[in-house]
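Heads up: the structure comes next, in structure tokens.
In my numbering, the protein residues as written are 234 to 686.
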């Protein structure tokens, strides 16, 4: 017999911890390889994690609702000798799995499968309850090197507020400073009061920024804590507003031609693919062409550099009863309308069933959100970091429009229309470029070829 460590997987490049929300198995249960054994929650995914090998669960080390660092051993599995799927323990084993996924994406290779989550590593050091200021060392200790290797977003926020990350003790693995740590540290006023760097805080008592009072419950009010996913989404949205210079533009799109193509091709398409033909694949296909025409819309900001992404990985926001998730259609530039439809329906259905693997919510380069399905005419969505733009799709409805008649005279006609919004990061995208991109998408949709289905 051999023992296999089951670990908390890395769920994204900037994620240093995860919450074990539910155990699907108990000690003594037999499990098959790839059979779901527990559920986890982060701001990026709410997913079931499969077993790396067949065997019997002998030990559960992390309780439901507990948040632990990535690479933490959460359970142990006893399996037949030689059947373990654990990689050799080494100093490199604790490096984020997202680095490998990002490298594979950049080279066009598929990301590693979820079986690779079982890695034999030493348990991480005991985490602290929150971020605190620690005594400075010579900068060469393991803990300090880990802290200063926090995510690019954390380092950027720290630089903007004059906070020395090396002087903080974070709640992540080996004291790694997470996004929540740095935001909480700044909002507490400790950054200004402690003078960790030569930062001049704005006016106010003690040099701290003014904050609104925390609302208190009234008699009869119901109070319940945020779920882990809700709290992390909250942090992610606030951090995005702090990071990007948000600007939003709108255009009205005429979908009448697409509607006619759908009506004509629907039966043949469904018979051929087994999928329903909706408006969204036409929109995604047109957006992909626009991103190829305007590469800055498919980029990320890294300090004073711009990373132009080669693959077009489209994230699709999916509303769930317990939050919001953004699964990713990878290499959408290589997919036909049928391919996009199949990928879209598959990801959305598995997102609602908590069947997504971690890599399926990573490495998006552009996001589309569709609040129009709930009747919303338009909105100004928040950018999904580290992307630089997001497209909002409003309600699709019939509207009276002025159109030229056969003899050139104006006439009123009923058209199928929709408002598109593009929220973009004005740090690197000028309004003219964003509007040219949206105009290109509009033209592509309104002139969509029938042969493209």
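Backbone N, C-alpha and C define an ideal beta-carbon position, used for all residues, glycine too.
Other residues of its chain near residue i: CB distance less than 7 Å, five sequence neighbours each side excluded
{"i": "residue 668", "result": "482"}
{"i": "residue 671", "result": "482, 484, 653 and 655"}
{"i": "residue 454", "result": "none"}
For residue i, the three-state DSSP class (helix, strand or coil)
{"i": "residue 569", "result": "coil"}
{"i": "residue 463", "result": "helix"}
{"i": "residue 481", "result": "strand"}
{"i": "residue 524", "result": "helix"}
{"i": "residue 236", "result": "strand"}
{"i": "residue 292", "result": "strand"}
{"i": "residue 537", "result": "coil"}
{"i": "residue 542", "result": "coil"}
{"i": "residue 563", "result": "coil"}
{"i": "residue 283", "result": "strand"}
{"i": "residue 298", "result": "coil"}
{"i": "residue 312", "result": "strand"}
Residue closest to residue i, alpha-carbon to alpha-carbon, out of the options
{"i": "residue 280", "options": "252, 262, 464 and 263", "result": "252"}
{"i": "residue 413", "options": "395, 586 and 391", "result": "391"}
{"i": "residue 545", "options": "519, 555 and 556", "result": "519"}
{"i": "residue 235", "options": "579, 538, 267 and 288", "result": "288"}
{"i": "residue 617", "options": "604, 258 and 657", "result": "657"}
{"i": "residue 573", "options": "534, 685 and 517", "result": "517"}
{"i": "residue 634", "options": "553, 642 and 650", "result": "650"}
{"i": "residue 588", "options": "495, 609, 560 and 612", "result": "560"}
{"i": "residue 459", "options": "603, 468, 398 and 536", "result": "468"}
{"i": "residue 610", "options": "629, 601 and 570", "result": "629"}
{"i": "residue 550", "options": "593, 538 and 541", "result": "593"}
{"i": "residue 578", "options": "297, 471, 512 and 595", "result": "512"}
{"i": "residue 260", "options": "266, 297, 284 and 310", "result": "310"}
{"i": "residue 534", "options": "268, 283, 662 and 464", "result": "662"}
{"i": "residue 501", "options": "389, 540, 445 and 571", "result": "571"}
{"i": "residue 595", "options": "608, 585 and 580", "result": "580"}
Proximity below 8 Å, CB of residue i to CB of residue j
{"i": "residue 240", "j": "residue 304", "result": "yes"}
{"i": "residue 673", "j": "residue 491", "result": "no"}
{"i": "residue 286", "j": "residue 273", "result": "no"}
{"i": "residue 556", "j": "residue 466", "result": "yes"}
{"i": "residue 612", "j": "residue 480", "result": "no"}
{"i": "residue 503", "j": "residue 509", "result": "yes"}
{"i": "residue 683", "j": "residue 558", "result": "no"}
{"i": "residue 386", "j": "residue 476", "result": "yes"}
Neighbour-count burial assignment, residue i, 16 or more Cβ in a 10 Å radius
{"i": "residue 693", "result": "In this structure the chain extends from 234 to 686, so residue 693 is not present and cannot be described."}
{"i": "residue 563", "result": "buried"}
{"i": "residue 250", "result": "buried"}
{"i": "residue 290", "result": "buried"}
{"i": "residue 262", "result": "exposed"}
{"i": "residue 601", "result": "buried"}
{"i": "residue 536", "result": "exposed"}
Own chain residues within Cβ distance below 8 Å of residue i, not counting five before or after
{"i": "residue 599", "result": "520, 524, 530, 531, 545, 546, 547, 548, 620, 622, 623 and 624"}
{"i": "residue 307", "result": "239, 240, 241, 253, 271, 293, 294, 295 and 301"}
{"i": "residue 299", "result": "252 and 253"}
Cβ neighbours of residue i in the same chain (closer than 6 Å, five flanking residues each side left out)
{"i": "residue 677", "result": "519 and 522"}
{"i": "residue 269", "result": "257, 281 and 283"}
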